[in-house]
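For the record, in the sequence shown the residue sitting at position 115 is 115 according to full-length UniProt numbering, with numbers rising by one throughout.
Even for Gly, the Cβ is constructed at its ideal location relative to N, Cα and C.
Below is one structure, written out as structure tokens; the observations come after it.
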Amino acid sequence: MRIILVVIEEGRFAGPHRQAITLLEKLKFSNTSRYILLLPTSADEHLLEIVRDNDIEYRQVDLSTLSFAPRNLWHFFSSFFPSVRNLVGVYLGCNASVVLVFGGVWMVRSIIACMATKTPFVIRLNDTSQPFFFRMLLYFFTTFASGIIFNSRRTFSYYRDYVNVSHRLSSVLLPSCVDSSRFFPAYSRGLSTSHESRESFCRSRPLLLLSVGSIVPTKGFDRLVKICSLYARHDFPIVLTIAGPIRSNYKSYRDSLESMAVASSYFSLKLVHDSNDIASLYQSHDIYVCSSYHESSPNSVWEAMSCGLPVVSSDVGDVHDVIRRAGCGFCIDSVDFDGSFMSILDRVFPLGPGHLKLYGKQASDWVLTNNSPDAIARRFDSFLSKRI
């Protein structure tokens, strides 16, 4: 039986881990391949608990955390090659048939270990913002790669000029998938299916907005908080919940978000740093908002849609195309984010909760049809098997 290693060098639970776990839940039943998730020894206990709960086979390897800061260059060089050596040992010990580099081109150590052991490898690209140096590295690495998996059309367009296709490199577009058995619609929020006026909606409770992601500047949470705090008023109250981990070097960013929210009497900001049941958060809100500057295929958007939430999103990944085709939300103009988002709020409130629920049903139906883990897992298995 073929051994396929799925490698993620990041130890903190994030979007790539959630995607890998969702896929491996299906791929572990493959009759032709044995899938093993490879994680660093620094992986947090929450991540390992999820992996064990889903009965996914995994290994751990000693990988030092890399930092490109000038003051840490000595640590970078002194730990880089020992980490590569450790990866080489795991690849040879597992007798891997192919390695899926799941976290993108910045996982340089995993790719070099594949080249050193002459193990076929496939790179999954899931971003639309990388320094020029890494994009040039991608051009070099694809000379040796067996295939490329693009997470969205936007990612393909972004990397198109940096993929070396001189040796007829195989590529495929495989979008993110969502486990609908976990992220399912919940219409038990006291919402009527009939059209309601703005007054009746606001008299019952404020509009509940949700955004999920690491609390870092590239997520655009500051502009989201600013607009909501300016727009909210006595007949138009807003509660915004931002759920996601806070990195130690961005605590000042979190503090700035909290200080911006204090200025408004009709706007409330909730920061949720540790939520083990993210699905219940989606199910208890009215609209999901994605304000990111850069995303390839934002997992949180698809999860929110699967839970029956309408989406308001900046122009990232393939979200705008999905919103227009599914009729499940509103697109924010990237040129005039502030003005566009305010005009969307003007359109949302007269709709009433019943109409929002209709948008949410269309969102859920779209994900169920187009982001099924079973279908995407089969395509992953087929593509990887042909790279051996």
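- Taking the C-beta atoms as reference points, Thr128 is found nearer than 9 Å to Val316.
- For Gln60, the enclosing beta strand (DSSP E) starts and ends at 58 to 61.
- Beta-carbon to beta-carbon, Val311 and Tyr288 are separated by about 5 Å, close enough to satisfy the 8 Å threshold.
- Around the beta carbon of Ser265, fewer than 16 other beta carbons lie within 10 angstroms, which makes this residue exposed.
- Judged by beta-carbon spacing, Ser152 lies within the 9 Å limit of Asp318, meaning their Cβ atoms are closer than that value.
- By the C-beta criterion, the stretch 100 to 117 is judged to be in contact with the stretch 1 to 18, since at least 3 inter-stretch pairs fall below 8 Å.
- Sequence-distant Cβ neighbours of Arg18 in its own chain, meaning closer than 8 Å and more than five residues away, are Asn299.
- Within the stretch 273 to 308, the complete alpha helix (DSSP H) segments at least 4 residues long are 278 to 283, 299 to 306, listed from N- to C-terminus.
- Judged by DSSP secondary structure, Arg2 falls within the beta strand (DSSP E) whose first and last residues are 2 to 7.
- By DSSP's assignment, Tyr35 forms a beta bridge with Ile4.
- Using a C-beta cut-off of 8 Å, the stretch 166 to 183 makes no contact with the stretch 30 to 45, since fewer than three inter-stretch Cβ pairs fall below that distance.
- Contact between the stretch 333 to 352 and the stretch 266 to 274 is absent: fewer than three C-beta pairs spanning the two stretches fall below 8 Å.
- Between Thr241 and Leu281, the C-beta spacing is below 9 Å.
- Taking the Cβ atoms as the reference, Lys28 lies roughly 6 Å from Ile56, within the contact range of under 8 Å.
- Within the DSSP secondary-structure output, Ile323 pairs in no beta bridge.
- For Phe141, same chain residues with a beta-carbon under 6 Å away, outside a window of 5 residues either side, are Ile111 in chain order.
- Looking at the backbone, the Cα of Pro16 and that of Ser385 are separated by about 21 Å.
- Residue environment analysis places Glu295 among the buried positions, since at least 16 neighbouring C-beta atoms fall within 10 angstroms of its C-beta.
- Under the Cβ criterion (8 Å, minimum of three pairs), the stretch 324 to 342 does not count as touching the stretch 206 to 216.
- Straight-line spacing of the CA atoms in Phe330 and Ser364 works out to 15 Å.
- As the crow flies, the alpha-carbon of Glu258 is around 49 Å from that of Ser33.
- In this model, Ser181 and Leu309 are separated by some 16 Å (Cα to Cα).
- Taken through DSSP and simplified to helix, strand or coil, Ile149 comes out as strand.
- If you draw a straight line from the Cα of Tyr91 to the Cα of Tyr159, it comes to about 28 Å.
- Cys177 carries a coil assignment under DSSP once its states are collapsed to helix, strand and coil.
- By the beta-carbon neighbour count (other beta carbons within 10 angstroms, threshold 16), Glu303 is buried.
- Secondary structure of Ile112 (DSSP, three-state): helix.
- Arg109 is the residue among Gly89, Arg109, Gly104 whose C-alpha sits nearest the C-alpha of Phe80.
- Secondary structure at Val262: helix, using DSSP grouped into helix, strand and coil.
- Judged by beta-carbon spacing, Lys361 lies beyond the 9 Å limit of Pro131, meaning their Cβ atoms are not closer than that value.
- Met107 is the residue among Arg124, Ala145, Met107 whose C-alpha sits nearest the C-alpha of Phe134.
- Restricting attention to Phe156, Val122, Tyr293, the CA atom closest to the CA of Ser382 is found in Val122.
- In the three-state reduction of the DSSP assignment, Pro245 falls in the coil class.
- DSSP links Pro40 through a beta bridge to Val61.
- CA-CA distance, Ser252 to Ala96, rounds to 44 Å.
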